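Chains as they are written, first to last, in full-length UniProt numbering: chain E, 1 to 344; chain D, 1 to 344.
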DNA sequence: TAGAGCCTGGACAACGTTGTCAACTCTGGG
DNA sequence: CCCAGAGTTGACAACGTTGTCCAGGCTCTA
């Protein structure tokens, strides 16, 4: 049980000064004990520790940070805390931070450039030591003063806009090309592409991969087969149904990210004839659906781990030119991507 | 582009003093401009703003916090940032925090009491205004000094141990009882229960619900039908297969949380005869599996929102006795829970 | 026993901000 | 022409911690 001293009113915390007074020692001695510094007699230390427990003292990290300059915390701006794709990334960053004794502050940009900016700058105002950003916007010059001031910054999943900075991302182009080539190898000639907003780097890269694969197979791409920016479920549904209808329906679909894939799976569950599907990003239970969903998998945890490790290497002081690290994707064959084209 | 002044070395940030010097005004005037306080001539304000941009000044929130006492941030200790069940809760807390102008610091306890404690106390040392905790441990007396010192604290999903505090949770008992009753209503008499670690409050509550439903139906419960604490996939698999084999196999399973449910789905996908299944917690794509998985759904987002709102109400100063808020669950019928008992 | 050196402890300034309060500059009315 | 009062502005202390530096007491050796 905790003894509440008189001066410790609601909302008031004891300080080192209080502890010092109670233990009958100097302020600095308390500081020494709290920080495990050498040069304190066991007896003095015990008196100080007793006072700490009695008062319920806890060091005020704000003051400490102010004095020391380093906060031992890093900020992570991601797109949506609740997006299952980013969850493992988030967790991986946390683990690396923890291993380095740092706390993690994070927030969702909700795919909004202004909100991304607000968050990142708020983190900087808290003087995080480093920043990991999954870009929502396409202009990151606002971070230049921060980076110049020494806040290490690493971008993940998408490159930074208009500034030169570290970035860790998956091979969207190569992954999409491989996925589409897989569909082509199974006999498809008319393949639809359902992608994210065109201002998102990965979206255009994946579209580029799609076009590359089609071109390499010597096939034309009908504009009607490409949808960019339909990201709300209803719109994805509408676009998919549009591509599957009409006189020259597609026989296969390539979905540009996990959310789109899931929506498409729902649409296809009600389709009259089987439609092949390959999705970008893996997702839980993809293997249990029938057919299992073939995907181009990214390793989100590795993305986060790599970015965080790079951040801490920078924080450890190794100055180095900004680098672009690209991680490979992996085609996971499960059934939906191997369906043959249905005769229309 | 940003002009780098001589004194702004790597890792050194301009302060209000620097801005004041450059703008040729007093320190306090800069503070006024930065905080949007009244009583500054438009002309002076412009000079200050110019200096701010030129130097790339950003207010140091550590110093501000030290001076003001409030940090405008709250801490969230959850079990696993990557667990899809907690992701919406996390996000909901973030949204409420954002609406109140607060930042969110979070971390995963990894179901480890000591790590939960470390995290919570680290947050307190950072002087978060409030704390939301999904308990991993069962003794939260270590938070008493913090709460006494005015850090508002709300527990979610599971009640606090050995202290009196606000808690927001789902009706685990009622939900499990309803889920099991649903299986009973479809003719099952031998039902297996696969739950989480027995020291977790929700786990025992759900088991209690299971036993209550069985008792109300006048049915005995064979010890072999109950598994508590098998949480790793292999162990869940082993337990499920054990219950499904032998002379008196169960005809239905009740899974105690989303991770267990998913594992059980995988096991049942390879079972020789159909086995009914109801799971606690909803999960994405549950409706697309065949059969769809019938679940007792909790509203994780609402759990988070409710907890965060309660926290901020406390922060706004309304003193009130700690309360226990219990949210209802909802049975979502999808097919797996309506399968009739297979003749053994 | 004196001097050197070590160990322990404390006084004080500094970190960058905000609250208090006083001083200064105007403007307009008496 | 002076003064009241309003509107701006800045000096200074304080927030709680840590780094620097010095004082005092001790042990050990010559």
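We treat Cβ as the ideally placed atom computed from N, Cα and C, and that holds for glycine.
The structure presented is a predicted model; accordingly, all values stated were derived computationally and were not measured.
Sub-8 Å separation of residue i and residue j beta-carbons
| i | j | result |
| --- | --- | --- |
| residue 148/E | residue 155/E | no |
| residue 169/D | residue 158/D | yes |
| residue 228/E | residue 198/E | yes |
| residue 77/E | residue 151/E | no |
| residue 56/D | residue 145/E | yes |
| residue 19/D | residue 52/D | yes |
| residue 130/E | residue 116/E | no |
| residue 277/E | residue 264/E | yes |
| residue 62/E | residue 310/D | no |
| residue 232/E | residue 87/D | no |
| residue 192/D | residue 243/D | yes |
| residue 140/E | residue 337/E | no |
| residue 251/E | residue 176/E | no |
| residue 94/D | residue 81/E | yes |
| residue 213/D | residue 262/D | no |
| residue 288/D | residue 306/D | no |
| residue 332/D | residue 297/D | yes |
| residue 44/D | residue 171/D | no |
Residue i versus residue j: straight-line alpha-carbon distance, rounded
| i | j | result |
| --- | --- | --- |
| residue 174/E | residue 125/E | 38 Å |
| residue 23/E | residue 60/E | 19 Å |
| residue 267/E | residue 334/E | 18 Å |
| residue 195/D | residue 121/D | 30 Å |
| residue 424/D | residue 21/D | This structure gives no information on residue 424/D, because the portion of chain D shown stretches from 1 to 344. |
| residue 85/D | residue 300/D | 7 Å |
| residue 178/D | residue 312/E | 50 Å |
| residue 91/E | residue 203/D | 24 Å |
| residue 235/E | residue 257/E | 15 Å |
| residue 13/D | residue 41/E | 39 Å |
| residue 282/D | residue 190/D | 24 Å |
| residue 211/E | residue 286/E | 26 Å |
| residue 98/D | residue 220/E | 48 Å |
| residue 316/E | residue 68/E | 16 Å |
| residue 361/E | residue 201/D | Given that chain E is displayed from residue 1 to residue 344, the structure contains no residue 361/E and the question cannot be resolved. |
| residue 73/E | residue 105/E | 7 Å |
| residue 279/E | residue 290/D | 20 Å |
| residue 114/D | residue 50/D | 49 Å |
| residue 119/E | residue 89/D | 19 Å |
| residue 320/E | residue 100/E | 20 Å |
Beta-carbon neighbours of residue i, restricted to chain E and to distances below 9 Å
| i | result |
| --- | --- |
| residue 279/D | Ordered by position in chain E, no residue passes the 9 Å Cβ test against residue 279/D, which lies about 13 Å from the chain. |
| residue 56/D | 144, 145, 146, 148 and 149 |
Beta-carbon neighbours of residue i, restricted to chain D and to distances below 8 Å
| i | result |
| --- | --- |
| residue 364/E | Residue 364/E lies beyond the range of chain E shown here (1 to 344); nothing can be said about it. |
| residue 305/E | Simply none; closest approach about 12 Å. |
| residue 21/E | Those do not exist, as residue 21/E stays about 18 Å from chain D at its closest Cβ, beyond 8 Å. |
Residue environment, residue i, which counts as buried when at least 16 other CB atoms sit within 10 Å
| i | result |
| --- | --- |
| residue 216/D | exposed |
| residue 35/E | exposed |
| residue 83/D | buried |
| residue 318/E | exposed |
| residue 71/E | buried |
| residue 37/D | exposed |
| residue 111/D | buried |
| residue 108/E | buried |
| residue 1/E | Because residue 1/E sits at a pLDDT of 29, beneath the cut-off of 50, its placement in the model cannot be relied upon, and the following sentence gives the value as read from the coordinates. With fewer than 16 other Cβ atoms within 10 Å, it is exposed. |
| residue 218/E | exposed |
| residue 206/E | buried |
| residue 346/D | Any answer about residue 346/D is impossible in this case: the structure gives chain D only from 1 up to 344. |
| residue 271/D | exposed |
Neighbour list for residue i in chain D, Cβ cutoff strictly below 7 Å
| i | result |
| --- | --- |
| residue 13/E | 149 |
| residue 233/E | Chain D residues near residue 233/E: none, gap ~12 Å exceeds 7 Å. |
heavy atom of the ligand SAH below 7 Å from residue i C-beta
| i | result |
| --- | --- |
| residue 200/E | Among the ligands in the structure shown, none appear at all, so the ligand SAH cannot be discussed. |
Contacts that residue i makes with chain E (C-beta to C-beta distance below 8 Å)
| i | result |
| --- | --- |
| residue 80/D | 91 |
| residue 262/D | 284 and 285 |
| residue 121/D | 58 |
Residues that residue i contacts on chain E, provided the C-beta gap is smaller than 7 Å
| i | result |
| --- | --- |
| residue 88/D | 82 |
| residue 108/D | 91 and 94 |
| residue 63/D | 66 |
Along the stretch 157-182 of chain D, what residues have a CB closer than 9 Å to any CB found in chain E?
Residues of the stretch 157-182 of chain D with a C-beta less than 9 Å from any C-beta of chain E: none at all.
If the cut-off is 7 Å on Cβ atoms, which residues from the stretch 93-106 of chain D count as contacting chain E, listed in chain order?
For the stretch 93-106 of chain D, which is checked against every Cβ of chain E, the residues closer than 7 Å are 94, 103, 104, 105 and 106.
Tell me which residues of the stretch 264-294 of chain D have at least one Cβ-Cβ distance to chain E shorter than 9 Å, keeping chain order.
Those residues of the stretch 264-294 of chain D that come within reach of chain E (Cβ to Cβ, closer than 9 Å) are 265, 266, 269, 283, 284, 285, 286, 287, 288, 289 and 290.
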